[in-house]
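See below for the structure under consideration.
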Ligand code: HEM
C-alpha cells in the first residue's frame, strides 16, 4: 500500500504552522514555490517553518508506521496522510458514472413528459411504489388533481399513468441509490483514514451538494404542479426552465467534483508507485510555456458548462421545437428584433425587464443564445486544438491524445445538436445530445486536470520517495560490489 505518512510530530507541527501562514505566503508559482517561501521566511534561520517542515518531511516520509523518539522518551505518533488510497479514487470515478446515468435518465423522464407524475416528495417511504390496485388508484387520483393531468393528459388511463410514474420513480430511486453509494463509503473511507484531509473537505462539499440536489429536484417539480406559479409564468404545465437548469447545473457540478477528485487521487497514487516517471512528468508540467494551455483548458471547461446551461434553458422552454433549420433561423439568418425582444415577455409596466426576460424566457431568443454559445464553444475548442498541435512537442503525449479526443467530441456534439434541432427533438437524438454535453464536459475537465501542476506536499513526497529509491539502489550496488570483492579475494 502506498499510504505515506509523516511520522514525526515536528513535521506535523511545522506543517500546520505553515498552513496557517498560507495567506502571507505567495503560492503563485508552484515550480519556484519552495524557493519563494524560503526567501521570504529566510532560509538561514534554522527555526524557519519551511526549513523545519522540509527537513522533517525529508527525514520522515515513510510507508511504515513507527514511533517518534525524542531522547529516551517515546512520544505517540501523529500521522498526516498526504495522498488518499487509490480505491477512494476508483469509487469516486465509479460514482460519477452513476451521476452521468441519472442525468441521462432525468433527460428521458423530461422527454417522455413523465416528470410531474409523482405529486409528493417522500424521501424515505417514496422508495416503495404502489403495490396493489387500490394503491395505484390512489396515486392516479392524486395525479388527476395536478394541472398537467387537467390541461394536457386527461385522456390517459391507468396503464399509461403507470409508465410515466415508473420513469419518475426510477429517477428518484436512482438518486437515493447514489446518496447511499456515496455517503456510506465516504464515512467508511474517512473513518478508516483512507483519505487525506484535503480530500475529506472535498467529500464533505460533495455530500452537501448531493443533499441539496434532492431538494432542488423537488423544488423544480413543484414549479410544474402549482397552478399559481404556472399562471405567473404564463406557461402550460411544465417545470420552470430556471429550476430545470439549476437542477441540471447542480448535477453537472457534482459530476465534475467527483471526477476531478477521483482522477487526482488515482493520478497521485500512480506517481507514488513510480516516482521517477512522476518527476519527469513534473518537469514537463512545470514548463512555463504550458501556462497559456492550462488557462485555455480551464476556459474550455467553463465555456462548455455555460453552453450546457443555455441548452438546459432550451430544453426547459421546449425551444428546440421552433426554428428547425440551421444555420439559418427560418428564412433569415436571425429572427426580427421584434421577435427577439418581444414585449409580451416583459412583466414590468415600464418594460425595464424587456431585455433580460427575453434572453431567459423567450424561446426564440433562448434558442439563439444556445446557438451562439454552441458555435463559440466549437470554435474555441478548435482554436485550443490548433494551439496544442503547434506546441505538441512540449505537451505530454497523453494530454495531446485528450485534446484530439476533445476536438472529436465537440464535432460530434455539434452535429448531434443540429440533428436534434432539424428533426424536431426526437427522444433518441435529444438524449444522445445530452450525453454528448456530458462527454464534452468530461474530456475538457480531463485535459484541465492532466495539465494541472502537482500539489506542494505531493512534490515533496515524490521527491523523497525518489531519493529513497536511489539510496536503496546504491545500497544494493554497494552490497553487490562488496560480495564481488570477497569472492575475488577468495579466488586469489
Ligand atoms: C457544442 C456544444 C453544445 C453543447 C455543450 C450543448 C449542450 C446542450 C445541453 C446540455 C442541452 C440540454 C439537454 C437536456 O437537458 O435535455 C441541450 C439542448 C439542446 N441543444 Fe445543445 N449543445 C451544443 C450544441 C448545440 C447545437 C449546435 C445545436 C443546434 C443548433 C443544439 C441544439 C439543442 C437543442 C434543440 C436542445 C433542446 C433539446 C431538448 O429539448 O431536449 N445544441 N444542448
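Residue numbers (UniProt numbering): 1 to 492. All C-beta atoms, glycine included, are put in the ideal place defined by N, C-alpha and C.
query	result
Alpha-carbon spacing of residue 70 relative to residue 394, whole angstroms	Only weak support exists for where residue 70 lies, its pLDDT of 40 falling under 50; the coordinates are left without a value.
Through-space distance from residue 438 to residue 252, alpha-carbon basis	8 Å
Contact belief for residue 168 with residue 115 at Cβ below 8 Å, rounded distance in angstroms	6 Å
Host alpha helix (DSSP H) of residue 410 (start-end)	397-422
Residue 284 versus residue 273 - alpha carbon distance	19 Å
Alpha carbon of residue 372 to alpha carbon of residue 311, nearest angstrom	11 Å
Rounded separation between residue 402 and residue 290 - CA only	15 Å
Close-in-space but distant-in-sequence residues of the same chain around residue 301 (CB under 6 Å, 5 per side omitted)	444, 445, 448
Inter-residue spacing [alpha-carbon to alpha-carbon] between residue 232 and residue 297	41 Å
beta-carbon residue 111 near ligand 1 non-hydrogen atom, thresh 7 Å	yes
Residue 81 - DSSP class collapsed to helix/strand/coil	strand
Own chain, CB closer than 6 Å to residue 121, minus 5 neighbours either side, in chain order	218
Inter-residue Cα distance where the pair is residue 425 and residue 123	32 Å
7 Å Cβ shell around residue 381 - same chain, five flanking residues per side excluded	300, 406, 407, 410
Own chain residues within Cβ distance below 8 Å of residue 44, not counting five before or after	Annotation note: pLDDT 40 at residue 44 (below 50); position unreliable, no value reported.
Run of the alpha helix (DSSP H) containing residue 176, from where it starts to where it stops	158-191
Cβ-heavy atom distance, residue 318 to ligand 1, below 7 Å	yes
Alpha helix (DSSP H) runs wholly inside the region 251-301, at least 4 long, in chain order	275-285
Selection from 111, 165, 164, 191 that minimises the alpha carbon distance to residue 85	191
Proximal residues to residue 149 (C-beta, below 7 Å), its chain only, five neighbours per side dropped	143
Local conformation of residue 329 per DSSP, three classes	strand
Three-state secondary structure (DSSP) of residue 480	helix
Length of the line joining the Cα atoms of residue 138 and residue 158	11 Å
Contacts around residue 113, its chain only, beta-carbon distance under 6 Å, and the 5 residues preceding and following it disregarded	none
Any non-hydrogen atom of ligand 1 within 7 Å of residue 371 CB	yes
Three-state secondary structure assigned by DSSP to residue 351	coil
Other residues of its chain near residue 209: CB distance less than 8 Å, five sequence neighbours each side excluded	250, 253, 254, 257
Residue 189 versus residue 195: straight-line alpha-carbon distance, rounded	6 Å
Spatial distance of residue 35 from residue 485 (CA atoms)	Any reading at residue 35 is ruled out, since the residue's pLDDT is 34, under 50, leaving its predicted position unreliable.
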